[in-house]
Amino acid sequence: MTDDTAEITAIVNRWARAVHEGDLDGVLADHTDDIVMFDVPPPDQGVRGIDAYARTWPPFFTWQRQGACFEIDSMEITAGDEVAFAHALLRCATAESLRTEPAQRLRLTLGLRKENGRWMVAHEHHSFPDRS
């Protein structure tokens, strides 16, 4: 594992832990001010900027406190000198949902860029497969 890959792995693991713990400051850490996120719930056109990104998390934390999990199942990273991406599958569901659909996983793609020698998340995309 390269130093860049190890650093990005640590960033993603810290972020996922912060999401699971409902720690908004931890979720926002290592994200650029101009982050773009496409999420499962609306708005379909995504959110732009760290303030808009921050506003998306409190409703998720409320839902998660009902006993949902948020944990990385698998992850792969590709890193260049200044740009990288990570894609992962996460368990993001209530215990009830996992009983009825144990294989369901949230898909996560992160785009990162190096700013002043430090990796920062500039793009985030979450989705579930369409099962209709």
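With the working numbering applied, the sequence shown corresponds to residues -12 to 119, in that order.
Quick reminder that beta carbons are idealized off the backbone N, C-alpha and C, glycines included.
In this text the structure is predicted, and so the values were computed from the model without any measurement.
Start and end residues, beta strand (DSSP E) containing residue i
i           : result
residue 100 : 93 to 102
residue 69  : Counting along the chain, residue 69 falls outside any beta strand (DSSP E), and DSSP gives it neither H nor E.
residue 109 : 105 to 114
N-terminal and C-terminal residue of the alpha helix (DSSP H) that residue i is part of
i          : result
residue 49 : 37 to 51
residue 21 : Residue 21 -> not in any alpha helix (DSSP H); beta strand (DSSP E) instead, spanning 18 to 25.
residue 8  : -10 to 8
residue 83 : 82 to 87
residue 54 : First-last for residue 54: undefined, no H or E at that position.
Close beta carbons around residue i, own chain, < 8 Å, minus the five adjacent residues each side
i          : result
residue 70 : 98, 99, 100, 101
residue 15 : 37, 40, 41
Inter-residue CB distance, residue i and residue j (contact presumed, cutoff 8 Å)
i          : j          : result
residue -5 : residue 73 : 6 Å
residue 63 : residue 78 : That belief does not hold up - the Cβ atoms of residue 63 and residue 78 are roughly 17 Å apart, past 8 Å.
Contact set for residue i: own chain, Cβ-Cβ below 7 Å, skip 5 residues either direction
i          : result
residue 61 : 75, 76
Minimum C-alpha distance to residue i - residue among the options
i          : options        : result
residue 54 : 94, 92, 85, 28 : 85
Same chain only: Cβ atoms within 6 Å of residue i, ignoring 5 sequence neighbours per side
i          : result
residue 94 : 114
residue 13 : 5
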